[in-house]
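Colleague: Quick note: the sequence shown, position 23, residue 1139 per our numbering, numbers continuous.
All C-beta atoms in this analysis are idealised placements derived from N, C-alpha and C, irrespective of residue type, glycine included.
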Amino acid sequence: MSAARQRLRILYVSDLAYEAKGRRYCDEDIYLSTQLGDDFDVAICPPLAAQQLMDAFDVVVLRNSGPVIHYLPEYEAFREAARNRGICVFTEPTGRADQTGKQYLLDLFRAGYPVIPTIDAAADLAQLPHTAEYIAKPKLGADSIGLTVVQRDQLPTLHYDNLLVQPRIDFQYEVSFYYVDRTPQYALNAPDPTKRWELQHYQASDDDWTFAQQFIDWNTIEHGIQRVDACRTGDGELLLVELEDLNPYLSLDLLDEHARTSFITAMKESIRASAVRQ
1117 MSAARQRLRI LYVSDLAYEA KGRRYCDEDI YLSTQLGDDF DVAICPPLAA QQLMDAFDVV
1177 VLRNSGPVIH YLPEYEAFRE AARNRGICVF TEPTGRADQT GKQYLLDLFR AGYPVIPTID
1237 AAADLAQLPH TAEYIAKPKL GADSIGLTVV QRDQLPTLHY DNLLVQPRID FQYEVSFYYV
1297 DRTPQYALNA PDPTKRWELQ HYQASDDDWT FAQQFIDWNT IEHGIQRVDA CRTGDGELLL
1357 VELEDLNPYL SLDLLDEHAR TSFITAMKES IRASAVRQ
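1. Are the CB atoms of residue 1158 and residue 1187 nearer to each other than 7 Å?
2. Beta-carbon separation of residue 1389 and residue 1339 under 7 Å?
3. Who are the near neighbours of residue 1120 in its chain, counting only those whose CB is closer than 6 Å to its CB and skipping five residues on each side?
4. Within the continuous alpha helix (DSSP H) that includes residue 1157, where are the two ends?
5. Taking 8 Å as the threshold, find out whether the region 1270 to 1288 comes into contact with the region 1241 to 1257 through three or more Cβ pairs.
6. Out of 1126, 1243 and 1212, state which residue places its alpha-carbon closest to the alpha-carbon of residue 1332.
7. So what does DSSP say about residue 1335, is it helix, strand or coil?
8. Measuring straight from C-alpha to C-alpha, what distance separates residue 1118 and residue 1255?
9. Taking Cβ to Cβ, would you say residue 1303 is nearer than 7 Å to residue 1293?
10. Three-state secondary structure (DSSP) at residue 1373?
11. Mind checking which residues open and close the beta strand (DSSP E) that includes residue 1345?
12. Could you check the C-alpha separation between residue 1180 and residue 1205 for me, to the nearest Å?
13. Closest by CA to residue 1215, which one among 1364, 1381, 1225 and 1372?
14. What do you reckon, are the CB atoms on residue 1170 and residue 1177 nearer than 7 Å?
15. Could you please give me the residues that DSSP links to residue 1136 through a beta bridge?
16. Going by Cα to Cα distance, which pick from 1229, 1217 and 1253 is closest to residue 1353?
17. Assign residue 1166 to one of two classes, buried (16 or more other C-beta atoms within 10 Å of its C-beta) or exposed (fewer than that).
18. Around the Cβ of residue 1200, are there at least 16 other Cβ atoms within 10 angstroms (buried) or fewer (exposed)?
19. Could you tell me if residue 1222 is buried or exposed, where buried requires 16 or more neighbouring beta carbons within 10 angstroms of its beta carbon?
20. With a Cβ-Cβ cutoff of 7 Å, do residue 1225 and residue 1301 count as a contact?
21. Looking only at its own chain, which residues have a Cβ that is under 8 Å from the Cβ of residue 1172, when we skip the five neighbours before and after it?
22. Given a cut-off of 7 Å on the beta-carbon distance, is the pair residue 1162 and residue 1143 in contact?
23. So what does residue 1317 bridge to, in DSSP terms?
24. Just the C-alpha distance for residue 1341 and residue 1375, rounded to the nearest angstrom, thanks.
25. Given residue 1266, which residues of its chain have a CB within under 6 Å of its CB, disregarding the five upstream and five downstream residues?
26. Compare the C-beta of residue 1138 against all C-beta atoms of chain C and say whether one is closer than 7 Å.
27. Just how far apart, CA to CA, sit residue 1323 and residue 1290?
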C-alpha cells in the first residue's frame, strides 16, 4: 500500500508542559493531534524521547516542542539520526531560517530583503538607523531568551560573538502569515504592539501576501508549516521580524471553523506528500 493511502503512524512531538507567555501549547497540540488521529495513528511524545521512538513511526511531526536552545545537543543528535536513518520529519529539517538560528536575518538584510536592519559586528554600526534603543539577541536564541535592550553608546562595547543587533522599531502592529508548504492559509495580527499574543483575524491584502511569499520562496522547504512574522512600520512598510520554520505556534483557537478545517486538511495532505517523498 502506498504512503499516500495507508494509515500512517505519526510520532507527534510536543512539550505539553512548556509554559509560554500568551500561548497554550498543550491545548493546541491536544486538539491538533486529535484531528490528525482521524486519518493517522498518532502517538504524542516529549522532545527528548523522539530519537529513541522514531524508528517505529512513518513520520515524526515536530510541533510545539519548545525552544530547542534548552536541549540543543539532543536536538542536533535527533536531526542527525533522522537524516542518517532516512526518517521522515515534518516540517522538513531542510529550512535555513529558525531551524538553524537567527543568522538568516543578517543574510536576508545583506541580500536586500525587507528585513529589520541587522548587523553582527561593531564595524557595521553605520548600517543601523539612529534610534533611541536597540535590541541585542543571540543568534541561537528563541522566545526572547537572551534578548536585551541597549542604548546606541553601548553598541561599540558589546561582545559580537554570535550576537545580532537591530534597531528597536516603533511599529504600528505585528502580523503573522501562516503557510502549509508554500500555500497561504490565514493571517493574524496583534493590534497592540505591547501585547504580542493578543491576536485577531487579519484581512491580508495581495501586497501583504506577496511580501510574505518572498520569504517562503527563499526558504528551502517543500513540505511543512511556516509562519512569517512581520511588523508594520509608521510609514506603512512591512519588515520581517522572524521566519519560523521549526515549530511555529499556530493560534488555531482563534480561527473560525472554515479556516481551521482548511488548515488541518492542508496539513494532512502535506504529511502524506512528505511521506511519499521520503
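Modeller: In short, the structure shows the following:
1. no
2. yes
3. The predicted model places residue 1120 with a pLDDT of 49, which falls under 50 and marks its position as unreliable; any figure quoted below should be read in that light. Closer than 6 Å at Cβ, skipping near neighbours: 1388 and 1392.
4. No alpha helix (DSSP H) holds residue 1157; the beta strand (DSSP E) holding it covers 1157 to 1161.
5. yes
6. 1212
7. coil
8. Its pLDDT being 49, under 50, residue 1118 is placed unreliably in this model, and the coordinates cannot settle the point.
9. yes
10. helix
11. 1341 to 1349
12. 14 Å
13. 1364
14. no
15. 1139
16. 1229
17. buried
18. exposed
19. buried
20. no
21. 1125 and 1127
22. no
23. 1304
24. 15 Å
25. 1250 and 1252
26. No chain C appears in the structure shown, which is made up of a single protein chain.
27. 16 Å
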